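**Student:** Have a look at this one.
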Amino acid sequence: MGTVGRQLPAVGLRPRPAGHRLYVRQLRAFDREGVAADFEVSPGWQVSTMSAIGSVVPAAPGEPPRPEEPRVRRAGDDLVWPRAGVTER
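In the UniProt record's numbering, the protein residues as written are 1 to 89.
So, in structure tokens, the structure goes:
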């Protein structure tokens, strides 16, 4: 089958300036078949987990995040990723 390194993808992140926090959430409840179709996952491979990576958007440019403000869940249509093999210019 090969080594684990070839079977599992890795995510590399660069450090951000001091004071900025990056959050990562691992997800298991999602449409596996839909994700596999959107990303054109090769036959024999299975999508088993997904990670959401991002930071809290400040209330205004240059303002630090305000944790006392309630979080707002965005619509699924706001999630955008390029389709495999398709690039926009």
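Note that the Cβ used here is the ideal one computed from N, Cα and C, for glycine as well.
Since we're looking at a predicted model, the values are computed, not measured.
Here's a check: name, in chain order, each residue in its chain whose Cβ is nearer than 7 Å to the Cβ of residue 41, leaving out the five neighbours to either side.
**Tutor:** Position 41 of the sequence shown holds residue 41. Excluding residues within five positions, the ones whose Cβ falls inside 7 Å are 47.
**Student:** Rounded to the nearest angstrom, what separates residue 130 and residue 49 at their Cα positions?
**Tutor:** In the structure as shown, the chain begins at 1 and stops at 89. Residue 130 is therefore absent and cannot be evaluated.
**Student:** So what does DSSP say about residue 60, is it helix, strand or coil?
**Tutor:** What you label residue 60 is simply residue 60 of the sequence shown in a count that begins at 1. The answer is coil: DSSP assigns residue 60 none of H, G, I, E or B.
**Student:** Measuring CA to CA, which of 27, 33, 20, 12 is closest to residue 52?
**Tutor:** As a position in the sequence shown, residue 52 is number 52, starting the count at 1. Nearest option by C-alpha distance: 27.
**Student:** Less than 7 Å separating the beta-carbons of residue 13 and residue 55?
**Tutor:** Position 13 of the sequence shown, counted from the first residue, corresponds to residue 13. Position 55 of the sequence shown, counted from the first residue, corresponds to residue 55. Contact: no.
**Student:** Kindly identify the DSSP beta-bridge partner or partners of residue 54.
**Tutor:** By one-based count along the sequence shown, residue 54 stands at place 54. Paired residue(s): 23.
**Student:** Which residue marks the beginning of the alpha helix (DSSP H) containing residue 35, and which one marks its end?
**Tutor:** Counting from 1 along the sequence shown, the entry for residue 35 is found at position 35. Looking at the DSSP string, the run of the alpha helix (DSSP H) that includes residue 35 is 32 to 38.
**Student:** Compute the Euclidean distance between the alpha carbons of residue 29 and residue 61, then round it to the nearest angstrom.
**Tutor:** Stepping through the sequence shown from its first residue, residue 29 is reached at position 29. Stepping through the sequence shown from its first residue, residue 61 is reached at position 61. Distance between the alpha carbons of residue 29 and residue 61: 33 Å.
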